[in-house]
Structure formats: structure tokens, C-alpha cells
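A.B. asks: Protein chains in written order, with my numbering: chain A, 809 to 1335; chain B, 3 to 508. Every residue, glycine too, gets a C-beta built ideally from N, C-alpha and C. Every value quoted in this text rests on a predicted model; they were computed, and no experiment measured them. Would you mind keeping the following structure in view while I ask a few things?
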């Protein structure tokens, strides 16, 4: 594997970028926040005022604790600082409590927790193959820092919408960086901590499992990169297992001892929700739904279907959680699980046979994240960040990945807009802030790869430019038309279907790049 | 190509910070009966849309001048009219006569903010970019850095997108004027500046430098030959522009007089509120406002203003080059701010604005200046509920300037043009290290400002002096401004003949 290249001494730009984005985050303190704000306030309150034994039983608020125990302890820690801001926010019964001090504290806690993210990004920068260009814009580490720190999705989801993703992704990126630096034990420890902070990262656990087993527990490969069975190291496997198991036992142990495991698990994995989130995430199911709708409309038109036999909700719903398919078969959670597994299996096989080092692992990780996003049950649109952020690392090293990154990040980020639109009108303001930021990554990547022609081919560029008329139509033209009253959900549907095309395309390209790309030495030459 | 991509990033950052400030509160939000500047602008839309032109500036049954009567020149009124048409299209309630008073809603706020952004993008931002592209020294990176600093300049952002005004229009137009003059398109420059003047009468602060620069240039070409024609062309342009702007008011002589009366309300007294100028600060010691008659006040302020502008104007007249012109702009606006009649605290925006355009060599002083300006507006911003954006943007700006332009590294005596002071002080203080003193003074002022900001926001003033903190703030700012006007005047008047670096700017 490639070792970390030495980094240039002058790193003050990193500090400038980090501080700059922190200032921007501070400006957003008074911006609108979603119900997630109340969710986290409630968790602060219940971890502070109740013994741990009741955390997963408490149900005064509808926003019950549904993160793993380590996150609950994190909230518990925060609550001790929160006391100094406003004690009222720590009372479980104070539902929807949002005094200025509460808002200030919660926002600041996100901003400060992002320090972990900053550190992780800095560590990631050390893992890049550094170009010796004098120009700042020619430095991959600079580009990567801009792409990650100024990431538009994180800004929206964390600092407007309200969540702690920056901190969590910090742990993830740090763990990836440790694998790049061959510090596998630390990487594994960090990842198992991450799993106990937020279990959504289970989706990428297969990539970790296969990679660690293949590249770490087997100490040697044959000359052609295939597996050497005899090099298996039991010590390493046992150590890894100990690390993971002890993390889990610290986190879940107390609850198992109290006999609460079934209750905790039922909170963590609620299967009562529908196939798609309120607003469709741009994945395969969005395309599936729209195909179903198209078929049913065509069917009615050509008298193949009886309109009275169709489920009513399917024509007017769209925003209804339980989506009834009228023509195509309905999808069960098990089916989505099978699809997800099938979608990531080839990638896992690939890195088992031809591991291609940490970069291969990273590519596989992105595919796992994206696969689960494409085929998962009740996927939230912000889950796309799990693919976009790690992909940034690859994007600054090769043109092909930069191209995939552009398509994926622009469509994925664009699909986050409805998170903002569904709230009060005034805060549409924020979406404009967002648009500007969205463009920053685009420009900076183009600057970086300015030699050697355009990054995108004409078709892709046209597709991305098509987002502009789409935005104009959905935002300005459609509300003025008569259909606004009868089909209010149509713009959202259009957005998600349009973005789903881009995400699917990026997914396929990424797969092709994984399956075709040979070993890393060849890649360096093409650079 | 690469340059323009970088410039576009600057614009994006500028726009981002503008929008991020714009969803904070505005002046007079939810404070009946008078509200604030936001309501004033909305009211002007209402008046201009519903009333015929000849009623705009008069007190009539439908136009109560005591409720935010129109007191800006005609271009502002036309601008309001255009906005009103758009508003009518979106929601007729916004501009309904009488009924719409004090109208506030989320969507209306969005609309008003969008109008500011629109003019900003149309007028101000292109002017800034062109200015940096053509008239900044240094490499392309430095140009981009300067552009970024100007675009992120917090004073303008907070007043326009927080407090709510359209300063970017008049400033942008004036900047187009400077651009025109700098590029040698004198007619275009004078046209743009005349428009600026007709948008906001405050631009009068700069009219003298413009006038002197153009006149001096014509004199240089010979007043009997080419220069005369040039002068005639320029005056014709100015006159025609003025006539066009004032056309609807020219039918009746009473009209323009009334407009002028509205524009220059001498009845309102020497100063209002707490302004960091001479009169307000002097008022702490001597109650000028009550001691002197209004005529004496008027005369006194006029005489002092003139006294402070004249030297720099004469110098500019004799040596009309761009460098002198820029210095004269600063000096003139400072003089007006400090000594003229009825000054609003936001006028310092003008002076400070031009300072940002003077380039690198004076940067320490400039930054210092900007800070003082910013600070003098603190009471206003706190009143508007804009404390958070104030703190954040000012810290960001301070950091950015220090980082990008590394101002303190550049504060050598040569850079600060302190040669003249060295000559003055050599006799009695031979071992003085001026640049070090200035550095220390910079940090000292910074700390003083931070402490005062803190106390005025979080501490209760003693019962005896309820205005203690605002007065302290304005006196501190006044002292700094006084220092600045002396400094800038000396730099302009004593400017040595040599200097190759200036050749480029000239």
C-alpha cells in the first residue's frame, strides 16, 4: 500500500478554511431548525434527568431515543454543559422548548463537536498523494479540505436542519485515515465506536469486515494479488475481535445486564415505517414508484385497468408514507434487504479477490453506502452524505472519480433542498445560501483538473444544467399554475426522480470503475 | 479563465454571507407605531405607486410626511416605484395605500431582501470586480484577495442586509464613476456619479473630489483649447443627466424647491442620536445645541467642513491623478462626516467604503479605520437585534484581512507613508519607532473596542448616566476619526514626488 506522503509545512490555509466555515455556521445559528432540534433537546433532557435504565423506555415525547447507547452518553455529557446555559431545556416535560439560550447551546454544541471532523479531515489530507505544485489550487489536500469542510450537505443537515453528522463523519473519516496509515487496530476501534454512536453506519460495515479480514488478517498475497491462504494470522483476528466486542460490551453491556436488549433493539430498528420517506429519496424506489404511476395512468387511459379497483391513495398521495403500488408488485422490507445485499456483493467479491489496498477498500465502502441508499428501506435523503463524503477522498486523486463525484454530489445535494422547502416560506432564503455553496465544490474541482479538458461529457453536463430549469419550474413557475392545488407533490416527485437518474448513473459508473480498475500502480501513471 | 473562476468564488462567498445575514432581524421589526428603515422603504413603495408624482414630496391627505416621508432624491423614488410594481404583482396587500402601513410577513421580508440582493448583483458587485481587476496592484492572487475583502466588508452587509437600506446602489454607482474616471472615460464616470448623487444626497460628500479631479484634468489639457471642449462635454453630460432625473418635477418651480427642502432638512438640528462626529462629542463638554443659534451652528459647521476639505481639494486640482483622487475622496467624506450639519451615523459608511479601495500599502491604517467605523455603529446594530451577525462578521473580517492580506507584516514605515511624520518628530524624539507604535496602537484600540462592545451590550449603565456607553463609544470613535483625517490629509498633502509603485495606479 501507498504510505502517507509528507505534507508541506505551510498549513495555515487549513486553519483559515476551518475558521471561515465556522463563522458561516455561527451566522446560521438563528436559522430555522427542524424537528430534529427538539429530538436532540429531548435526548439531552432524558439522559440528564433519568437513570440509564429508563432511557430506552421513556416516551413522554414522541421523539424517543433511537440512537445506540454511546450517543446517549454523548448527550449525557453535553447535558452537563447545557446546565449553564438554561436549566429548563433539561426538563423532559418541556416539549418543544426553544429559548434563545437553548438554541445557542445546541447550535454551538454542533459547531464545537465539528472539531473532530476538522481533525479527521486533516488526517485524511496526509493520506493523499501530494502533488508538489506551488499553487494552492494544485494541491489535492487543499481541494479535499474545501470539498469536505465546506460540504454543502453537512452545512444544511447539521447547521440548519440540526444534527450531529459532522462529528460522526469525523469519526468515520478518521477511521478511514487510520486504515490508510496502516494503523488498522485504531481504525477498527474508531469504526466500532462509530457503530455505537449511530447504527446507520452498519450499511458500510461489510466493506470494513471484508477488508480487515482480507488485507489485515491475511498478511500476504500472491504475486498476482490473489489470496495466500497460509498467511492467515490468528492473533490479528483475535485482537480485532476483542476490540470490537469490548466496544460493544461497554456500550450495550449495561443494557444487556438489565435485560433491556429487546427494547433497545426495537427502538433502534423500527420496521413500521414505509418504503420511502415522506419525501422520496432519489433512489431506485423513486424510479420504481414513478414507473408504477406511469403504468397505472397508461393502463387507465387504454382501458386495461379499472380505475375503481386501483388503490385511491396512489393517485393523490405521493407524500403519504404508506405507498400503495397499483400495477407493479409492492415491495417488502425483506425484498429491499435482498436487493441491497445483492447490489453490494460484487463489490465485496472484488475486494476479496483483488484488494487494491486502502483505496480499493474506500471505493468498496462508497459502493456499500450508495447501494444501501439506492435499495434500502425507508431511506432518508440525507443518507447520501455517507457516499459523498468518502468519495471526496477519491475524487481529488483521479479525473474519473472527480467526474463521478461531480454528478453524485450535485444531484445528491440538490435532492436535499426539499428538506428546506417544506418549512416556512421565509427560510427558503437559506436554500439560496445553499445554492451558492453547492457551486463552490464544482468550481474548485474544475480548477483543480483544469488541464486536460472538461471533466464531464456533453450529455452529463446537459443533465446537470437541466437542474436549473427544474429548479425554476418547481420553485417559481409551478406554484403559479392551476395544478398546484390538485397535485402539490408533483415538484417534489419531479425533483426526486430527476435526481434519482443522476445518482443511479453515478452508482453504475462507480461500479464500473471498481470492477475495471487494475492495481494502484497503473493509476499513478495515468495521473 | 482561472482568475475569473476565483473571482466567481469570491462572489459566491460574498453572496453566501449576504444571505446568511439577511434572515436576521431588520430595523424596527415588530416595533409599532414607527417601525424602522425597512418600513420606510416599504412605505415609499406604497406612496410612489399610489400617488401621482407631484404629491410624492408634499404633505397631502394621502401622504403624511411625518410618517417616513420621502427624503431621498428622485432616483430612489423611481427605484421604489419599480419595486412597487413587482410587489403589486406578487401581493397587492404589500403596497396598498394606508392599509399596508407596518405590513410585515415572512414572504414580504423575503421580497425586500431579494430586491437588495438584485441591485447588489446588478450594480455593486460588478463594479467591485472590475475595480479590483483594473486598479489593484500586485499579482492576480492579491487582486482576488482584495476583491474578497471588499465583498465581505461587514459594514455594508450589515446595513444593507441587516438594518435594511440600499446603500449598495449609491456606492456601486459612485464606484462605477471612479472606474470611469480611472479608465479615462470621463463622460461615463461623470454620468455614473451624477446618478449616484441623484440616488442618495449623501454622495455630495464626494462631489468635490470628482469635480476637482475633472476640472484639474481639463486645466492640464489647457482651458483655451482641448480642455475647454472636454469641460463643456462633461458639464453637458451632468446637466442632461440631472435634467432627466428631475424631469417630472420641473414643470412647477415649487416642486424642485420642495424636494430640496426634503433632502436637506436643516430644521432637524446639528446632530441626532449619538454620532461619532465633532458636534456630538463636543456636546459632552459644551451644550452647543442650546448655546448657539441655529444660523451660527449652520455657519460654524459649514466653515469647518470647508476648512478641512479645501487643502485636499486644492492639491487634487493641481495634481489630478488617481492616487490623489482616491485620497481626496477619503478626506472629503471624513471631513463631511466629522463637521457637517445633521450627520447620520451611517454616513461613515461612505468614508470607510472608499478606504477599502485604497489598496494594500495603507492597509493597517485602513483596517483600523474600518474597525472604528464598525464600532461606531454598534449601538444602532444592537438596537436592531443584529448583535450575532455583528460579532460573527466582524471577527470573520478581522481574521480574513489579517490572514489574506497579512496587514501587520506590511506595516513598515515606508508602507504606511510615515516619512512625513518622521520628519516632524525627528527634532524632539529622535529614537521613535513609529511603525511599532502604530502596531501597538492598533492592538490597543482593538482591545478597547472589544471591551466597550462587551460592556455596552451586557452591562447595565449607571442610573445617573443612562447614555454612558453609547457616548463613550462615539467619543472613542470620534478620536480615531480625528486622527485619521489628520493622517490622511498629511499623506495626501506631503506626498513625495517619487514612488514608482504608484505609477501603476496613476
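Would you call residue 156 of chain B buried or exposed, if buried means 16 or more other Cβ atoms sit within 10 Å of its Cβ?
C.D. replies: Residue 156 of chain B sits at position 154 when you count from the first residue of the second chain. Residue 156 of chain B is buried by the Cβ-count criterion.
A.B. asks: Name the residues in the stretch 836 to 850 of chain A whose C-beta lies less than 7 Å from a C-beta of chain B; which are they?
C.D. replies: Residues passing the 7 Å Cβ filter: 836, 837, 838, 839.
A.B. asks: I need the boundaries of the alpha helix (DSSP H) containing residue 1324 of chain A, first residue and last residue.
C.D. replies: Here residue 1324 of chain A refers to the residue found at position 516 of the first chain. Taken as a continuous stretch (DSSP letters only), the alpha helix (DSSP H) holding residue 1324 of chain A covers 1298 to 1324.
A.B. asks: Given residue 1057 of chain A, which residues of its chain have a CB within under 7 Å of its CB, disregarding the five upstream and five downstream residues?
C.D. replies: Looking up residue 1057 of chain A in the first chain gives position 249. Taken in chain order, the list of residues that qualify is empty.
A.B. asks: Taking Cβ positions only, does residue 19 of chain B come closer than 8 Å to chain A?
C.D. replies: As a position in the second chain, residue 19 of chain B is number 17, starting the count at 1. Chain A, which has a Cβ nearer than 8 Å to the Cβ of residue 19 of chain B, makes this yes.
A.B. asks: Taking contact to mean at least 3 C-beta pairs separated by less than 8 Å, is the stretch 208 to 222 of chain B in contact with the stretch 319 to 336 of chain B?
C.D. replies: Judged by Cβ distances under 8 Å, the stretch 208 to 222 of chain B makes contact with the stretch 319 to 336 of chain B, as three or more pairs qualify.
A.B. asks: At a Cβ cut of 9 Å, what residues of the stretch 1200 to 1211 of chain A count as close to chain C, listed as they run along the chain?
C.D. replies: Annotation note: the requested chain C is absent from the structure, which comprises protein chains A and B.
A.B. asks: On the criterion of 16 or more Cβ atoms from any shown chain inside 10 Å, does residue 888 of chain A qualify as buried, or is it exposed?
C.D. replies: For the purposes of this step, residue 888 of chain A is taken as the residue at position 80 of the first chain. Flag for residue 888 of chain A reads exposed.
A.B. asks: Please classify residue 136 of chain B as buried or exposed, where buried requires at least 16 other C-beta atoms within 10 Å of its C-beta.
C.D. replies: On the second chain, residue 136 of chain B is found 134 positions in, with the first residue counted as 1. So residue 136 of chain B ends up on the exposed side.
A.B. asks: So which residues on chain B does residue 824 of chain A lean against when the C-beta distance must stay under 7 Å?
C.D. replies: The count along the first chain starts at 1 and reaches residue 824 of chain A at position 16. Per Cβ cutoff of 7 Å: 405.
A.B. asks: Do you know how far the Cα of residue 1148 of chain A is from the Cα of residue 1288 of chain A?
C.D. replies: As a first step, residue 1288 of chain A is located in the first chain; it is residue number 480 there, counting from the start. As a first step, residue 1148 of chain A is located in the first chain; it is residue number 340 there, counting from the start. Straight-line Cα distance between these residues: approximately 40 Å.
A.B. asks: Look up residue 335 of chain B in the DSSP assignment and say whether it is helix, strand or coil.
C.D. replies: Taking the first residue of the second chain as 1, we reach residue 335 of chain B at position 333. In the structure shown, residue 335 of chain B sits in a helix (DSSP, three-state: H, G or I).
A.B. asks: Kindly identify the DSSP beta-bridge partner or partners of residue 13 of chain B.
C.D. replies: Here residue 13 of chain B refers to the residue found at position 11 of the second chain. Per DSSP, none; premise fails for residue 13 of chain B.
A.B. asks: Measuring only between beta-carbons, confirm whether residue 22 of chain B sits less than 8 Å from chain A.
C.D. replies: If you number the second chain from 1, residue 22 of chain B lands on position 20. Yes, its Cβ sits closer than 8 Å to a Cβ of chain A.
A.B. asks: DSSP on residue 1029 of chain A, reduced to helix/strand/coil?
C.D. replies: Along the first chain, one-based indexing puts residue 1029 of chain A at 221. Looking at residue 1029 of chain A - three-state DSSP - the assignment turns out to be strand.
A.B. asks: Which value, in whole angstroms, describes the spacing of the CA atoms of residue 132 of chain B and residue 192 of chain B?
C.D. replies: Translated into the one-based positions of the second chain, residue 132 of chain B becomes position 130. Translated into the one-based positions of the second chain, residue 192 of chain B becomes position 190. So the alpha carbons of these two residues sit roughly 17 Å apart.
A.B. asks: Under 8 Å between the Cβ atoms of residue 51 of chain B and residue 164 of chain B?
C.D. replies: Position 49 of the second chain, counting from 1, holds the residue named residue 51 of chain B. Position 162 of the second chain, counting from 1, holds the residue named residue 164 of chain B. Contact: no.
A.B. asks: Name, please, each residue of chain A whose Cβ falls closer than 7 Å to the Cβ of residue 128 of chain B.
C.D. replies: Along the second chain, one-based indexing puts residue 128 of chain B at 126. What residue 128 of chain B touches in chain A: nothing, since even the nearest Cβ is about 17 Å away.
A.B. asks: Taking only beta-carbon positions, decide if residue 1225 of chain A is within less than 8 Å of chain B.
C.D. replies: Working through the first chain from its first residue, we reach residue 1225 of chain A at position 417. Answer no: the Cβ-Cβ gap between residue 1225 of chain A and chain B never drops below 8 Å.
A.B. asks: DSSP beta-bridge partners for residue 345 of chain B?
C.D. replies: Here residue 345 of chain B refers to the residue found at position 343 when the second chain is read from its first residue. According to DSSP, residue 345 of chain B bridges with B:273.
A.B. asks: So does the stretch 87 to 100 of chain B actually touch the stretch 222 to 229 of chain B, counting three or more Cβ pairs closer than 8 Å?
C.D. replies: Cβ pair count under 8 Å is below three, so no.
A.B. asks: What residue range does the alpha helix (DSSP H) around residue 927 of chain A cover?
C.D. replies: For the purposes of this step, residue 927 of chain A is identified with residue 119 of the first chain, where counting begins at 1. It spans 908 to 934 - the alpha helix (DSSP H) in which residue 927 of chain A sits, taken as one unbroken run.
A.B. asks: What is the rounded straight-line gap between the Cα of residue 1045 of chain A and the Cα of residue 1188 of chain A?
C.D. replies: Here residue 1045 of chain A refers to the residue found at position 237 of the first chain. Here residue 1188 of chain A refers to the residue found at position 380 of the first chain. Computed Cα separation, rounded: 35 Å.
A.B. asks: When you compare the CB of residue 827 of chain A with every CB in chain B, is at least one pair closer than 8 Å?
C.D. replies: Here residue 827 of chain A corresponds to residue number 19 of the first chain, with the count starting at 1. By this cut-off, residue 827 of chain A is an interface position.
A.B. asks: Which chain B residues sit within Cβ distance under 9 Å of residue 1172 of chain A?
C.D. replies: As a working mapping, residue 1172 of chain A is identified with position 364 in the first chain. Simply none; closest approach about 33 Å.
A.B. asks: Who does residue 1040 of chain A pair with in a DSSP beta bridge?
C.D. replies: Counting from 1 along the first chain, the entry for residue 1040 of chain A is found at position 232. Bridge partners of residue 1040 of chain A: A:1026.
A.B. asks: Would you verify that the beta carbon of residue 397 of chain B is, or is not, closer than 8 Å to some beta carbon of chain A?
C.D. replies: Here residue 397 of chain B is taken as the residue at index 395 of the second chain, counted from 1. For residue 397 of chain B, the answer is yes, since a Cβ of chain A falls inside 8 Å of its Cβ.
A.B. asks: How many angstroms separate the CA atom of residue 2 of chain B from the CA atom of residue 206 of chain B?
C.D. replies: For residue 2 of chain B there is no data in the structure shown, the boundaries of chain B being 3 and 508.
A.B. asks: I'd like to know if the stretch 1059 to 1067 of chain A and the stretch 870 to 877 of chain A are in contact, where contact means that at least 3 CB-CB pairs between them fall below 8 Å.
C.D. replies: Enough Cβ pairs lie closer than 8 Å, so yes.
A.B. asks: Whole angstroms are fine: how far does the CA of residue 944 of chain A sit from the CA of residue 822 of chain A?
C.D. replies: Taking the first chain and counting its residues from 1, one reaches residue 822 of chain A at position 14. Taking the first chain and counting its residues from 1, one reaches residue 944 of chain A at position 136. Roughly 11 Å separates the two Cα atoms.
A.B. asks: Shorter than 8 Å from the beta carbon of residue 1235 of chain A to some beta carbon of chain B?
C.D. replies: Here residue 1235 of chain A refers to the residue found at position 427 when the first chain is read from its first residue. Note that residue 1235 of chain A scores 48 on pLDDT, short of 50, meaning its location in the model is unreliable and no value can be drawn from it.
A.B. asks: Touch check for the stretch 1094 to 1102 of chain A and the stretch 1295 to 1311 of chain A: three-plus C-beta pairs under 8 Å?
C.D. replies: Segments in contact, yes.
A.B. asks: What would DSSP say about residue 1035 of chain A, mapped onto helix, strand or coil?
C.D. replies: Here residue 1035 of chain A corresponds to residue number 227 of the first chain, with the count starting at 1. Of the three classes helix, strand and coil, the one that applies to residue 1035 of chain A here is strand, per DSSP.
A.B. asks: Give a yes or no on whether the C-beta atoms belonging to residue 1196 of chain A and residue 1180 of chain A are separated by under 8 Å.
C.D. replies: On the first chain, position 388 is the one that residue 1196 of chain A refers to. On the first chain, position 372 is the one that residue 1180 of chain A refers to. Not a contact, by the Cβ cut-off of 8 Å.
A.B. asks: Roughly how many whole angstroms lie between the Cα atoms of residue 973 of chain A and residue 455 of chain B?
C.D. replies: If you number the first chain from 1, residue 973 of chain A lands on position 165. If you number the second chain from 1, residue 455 of chain B lands on position 453. Each residue's Cα considered, the two are about 34 Å apart.
A.B. asks: Determine the closest residue to residue 404 of chain B out of B:5, B:13, B:147, with distance taken between C-alpha atoms.
C.D. replies: Here residue 404 of chain B refers to the residue found at position 402 when the second chain is read from its first residue. Taking only the C-alpha atoms, the option nearest residue 404 of chain B is B:147.
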